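Q: Note that the sequence shown covers residues -25 to -1, 1 to 484 in mature numbering (1 follows the signal peptide of the UniProt record, and there is no 0).
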Amino acid sequence: MALDILFTSLALCLPPLLLLLLLSAKKFNDKKKNLPPGPPPLPIIGNLHQLGHLPHQSLWKLSQQYGPVMFVHLGGIPTVIVSSPSAAREILRTHDLNCCSRPRLLGTGRLSYDYLDIAFVEYGDYWKEVRKISVLELFSAKRIESFRYVREEEVDSMIDSIAKSANSGTPINMSERFMALTADITCRVAFGKAFQGTKFDDGRLMHMVHEGLTMLGSFSASDFFPRFGWIVDRLTGLHSRMEETFRNLDAFYQQVIEEHRNANKSNEENEDIVDLLLKMERDQTEIATIRFKEDNVKAILMDIFLGGVDTAALTLDWTMAELARNPKVMRKAQEEIRSCVGNKKQVVEDDLHKLKYLKLVLKESMRLHPPSVLLIPRETMGHFKLFGYDIEPKTRVQVNVWGIGRDPSLWERPEEFVPERFEDSPIDYKGNHFELLTFGAGRRGCPAILMGMAVVELALANVLHSFDWELPEGMKEGDVSMEEGPGLTVFKKVPLTLMPVRPSHETNV
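1) What would DSSP say about Trp386, mapped onto helix, strand or coil?
2) Would you please state the rounded distance, in angstroms, between the beta carbons of Ile424 and Leu411? I believe it to be under 8 Å.
3) For Glu261, I'd like the list of residues in its chain whose CB is within less than 8 Å of its CB, leaving aside the five on either flank, ordered along the chain.
4) Nearest CA to the CA of Ala274: which residue from Glu297, Asp258, Thr290, Ile248?
5) Rounded to the nearest angstrom, what separates Ser58 and Gly406 at their Cα positions?
6) Which value, in whole angstroms, describes the spacing of the CA atoms of Ile160 and Glu127?
7) Any idea what DSSP makes of Asp403, helix, strand or coil?
8) Pull up the distance between the alpha-carbon of His359 and that of Leu29, whole angstroms please.
9) Check for me: the beta strand (DSSP E) holding Ile52 runs from which residue to which?
10) Using 8 Å as the threshold, is the C-beta distance between Gln25 and Ser33 below it?
11) Below 6 Å CB to CB, which residues in the same chain sit around Thr189 once its five sequence neighbours on both sides are set aside?
12) For Met154, which residues of its own chain have a beta-carbon under 6 Å away from its beta-carbon, when the five flanking residues on both sides are left out?
13) Is it buried or exposed, Lys467, if we count other Cβ atoms within 10 angstroms and call 16 or more buried?
14) Relative to the alpha-carbon of Asn22, which residue among Lys117, Phe200, Tyr332 has its alpha-carbon at the smallest distance?
15) Count the other C-beta atoms from every protein chain shown that fall within 10 angstroms of the C-beta of residue 486, then say buried if there are 16 or more, exposed otherwise.
16) Spatial neighbours of Gly144 within its chain, please: C-beta separation below 8 Å, excluding the five flanking residues on both sides.
17) Which residues share a DSSP beta bridge with residue 562?
18) Within the continuous alpha helix (DSSP H) that includes Tyr41, where are the two ends?
19) How big is the Cα-Cα spacing for Leu180 and Asp270?
20) Provide the residue(s) that pair with Arg353 in DSSP beta bridges, ordered along the chain.
21) Under 7 Å Cβ to Cβ from Ser76, same chain only, skipping five residues before and after it: list those, please.
22) Measure the alpha-carbon distance for Thr464 versus Val376 and round it to whole angstroms.
23) Out of Asp285, Ile137, Phe114, point me to the one whose CA is closest to His182's CA.
24) Phe392 and Leu343 - do their beta-carbons sit closer together than 8 Å?
25) Residues bridged to Tyr364 by DSSP?
26) Tell me whether the beta-carbon of Tyr101 lies closer than 8 Å to the beta-carbon of Ile265.
27) Going by CA-CA distance only, name the one from Leu361, Glu65, Pro345, Leu281 that's closest to Glu459.
28) Report the rounded CA-to-CA distance for Val469 versus Val336, giving the unit in angstroms.
29) With 16 other CB atoms within 10 Å as the buried threshold, where does Thr370 fall?
30) Just checking my contact of Val272 with Glu256 at CB under 8 Å: how many whole Å lie between their CB atoms?
31) Terminal residues of the continuous beta strand (DSSP E) containing Val336?
32) According to DSSP, is residue 487 part of a helix, a strand, or is it coil?
33) Going by CA-CA distance only, name the one from Gln373, Glu390, Val374 that's closest to Arg381.
34) If you count every other CB in all the chains shown that lies within 10 Å of the CB of Ser215, and 16 or more means buried, which is it?
35) What do you get for Phe227, buried or exposed, if any count of 16 or more other CB atoms within 10 angstroms of its CB means buried?
36) Check whether the stretch 437 to 454 and the stretch 132 to 142 are in contact - that is, three or more C-beta pairs closer than 8 Å.
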């Protein structure tokens, strides 16, 4: 009997003892390394309990206590959070080669649609070749210029639809209007026609975009507990929701691809991005010893579609919200635009280089409201030193762009919307200045900067040129909600609703 009690006691005590031994061994090993400072983790979950509803804000608050290079455990994943320009420069430029791989996100290896993993592919020959295709073919300056007519036509169509609301005195949901605009432009550039021309034009396409981005920005147990987290995702229903979302997107891409296969286009001037990708498939282009296949086409379309629709729309949405809260800034921008354009009905892309203040407005908006508040995680491939700290292989690294944009040591009155702060400043968003990392930097910097900003500048200039804007009756500037919603890209939780008003007279200063 005594032996039974002893063995039972040992059986009960052994798991906790093993856990304590493992934790002690880990702490001993960690002490031998000079790891960055960070909040103490809890067993198993690490620091996940400290992330909060909006992780970028929670991590920014923690970094103010522990410093701009902070070490946290997100479940079983060691993670370094970077929140200063100098630290971001080290990660994205000095040690870019050591930090340019990607972790496996969302447990995508357990999804039916394995090609989705290609969109977040690890660093290697395949990724380098796809990046080269994106820069030299899909988003080259020549290719972007060839789609100028698409941008101008769709923006003109949006202005005409807003004019009808202005004539009837109806408020407009600007968040929806901007999302529809960027969806139409992206679909025409990538797929050859606006999304209304597809069988998904009953509202499903916008739902698919939102769901796709929500899934990519969600916290999956598989991300933080790779060995067993997928079980939790299945039990909570997240796995099935991901499957349904990507099944719908797959059906959409398949329809687009089949339509292009059957079209037999012969005029290269009318080629869209799907045509280019299918030509590579037909020619049996070899990328890093892999034959370019239909799944590769879908993976690239995933990046273009979800990235292209959402980020430009959010930039427009946040910018108009800030202008609605700061009417003096809006009037100054309108005066510049109307002075440059004169009596022309529409701002065209040839006018944009003259709109200096408009560009300052956009820089300030992207400082306060970067679409991607935490750059998509990177994963280290080798050991290196960061400000004297040891950064080990297989460590996840995230740059808190939102925190950098609101750092009071970098910006005077950081919470205020002051475009003039960028006057006579060399700081830009193209990846060379780490105070403003809207599109990232280094090897993983966004290759579609020119395309995205062409849409944003043209749309904003025309919206401000064609209309004055008022808040709905009973609202004041301070009533405009700036609350953020969670996700891979941060959207306005409360949609922006404004009243368009035709200018009282033609302005030709």
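Where a beta carbon is used, it is the ideal one built from N, C-alpha and C, also for glycine.
Remember, it's a predicted structure, so these values are computed and weren't measured experimentally.
A: Looking at the atomic coordinates:
1) coil
2) In this structure, Ile424 and Leu411 do not form a Cβ contact; the two beta carbons are roughly 12 Å apart against a cut-off of 8 Å.
3) Phe267
4) Ile248
5) 16 Å
6) 9 Å
7) coil
8) In the sequence as displayed, the identity of residue 359 is Phe instead of His. Each residue's Cα considered, the two are about 30 Å apart.
9) 52 to 57
10) Against a cut-off of 8 Å, the Cβ pair of Ser33 and Gln25 comes out as a contact.
11) Gly462
12) These residues qualify, in order along the chain: Ala288.
13) buried
14) Phe200
15) Given a span of -25 to 484 for the chain in the structure shown, any question on residue 486 remains unanswerable.
16) Met474
17) Shown here, the chain extends from -25 to 484; a query on residue 562 therefore has no answer.
18) 30 to 41
19) 20 Å
20) Per DSSP, Val372.
21) Glu97, Tyr98, Arg353, Glu354, Met356
22) 12 Å
23) Ranking Asp285, Ile137, Phe114 by Cα distance to His182 puts Asp285 first.
24) Cβ atoms of Leu343 and Phe392: closer than 8 Å.
25) Leu361
26) The answer is yes: Cβ separation under 8 Å.
27) Pro345
28) 22 Å
29) Buried, by the Cβ-count rule.
30) 6 Å
31) Val336 -> not in any beta strand (DSSP E); alpha helix (DSSP H) instead, spanning 331 to 343.
32) Residue 487 lies beyond the residue range present for the chain, which begins at -25 and ends at 484; the question has no answer from this structure.
33) Comparing Cα positions, the closest option is Glu390.
34) In the assembly as shown, Ser215 is an exposed residue. Its beta-carbon has fewer than 16 other beta-carbons within 10 Å.
35) buried
36) yes
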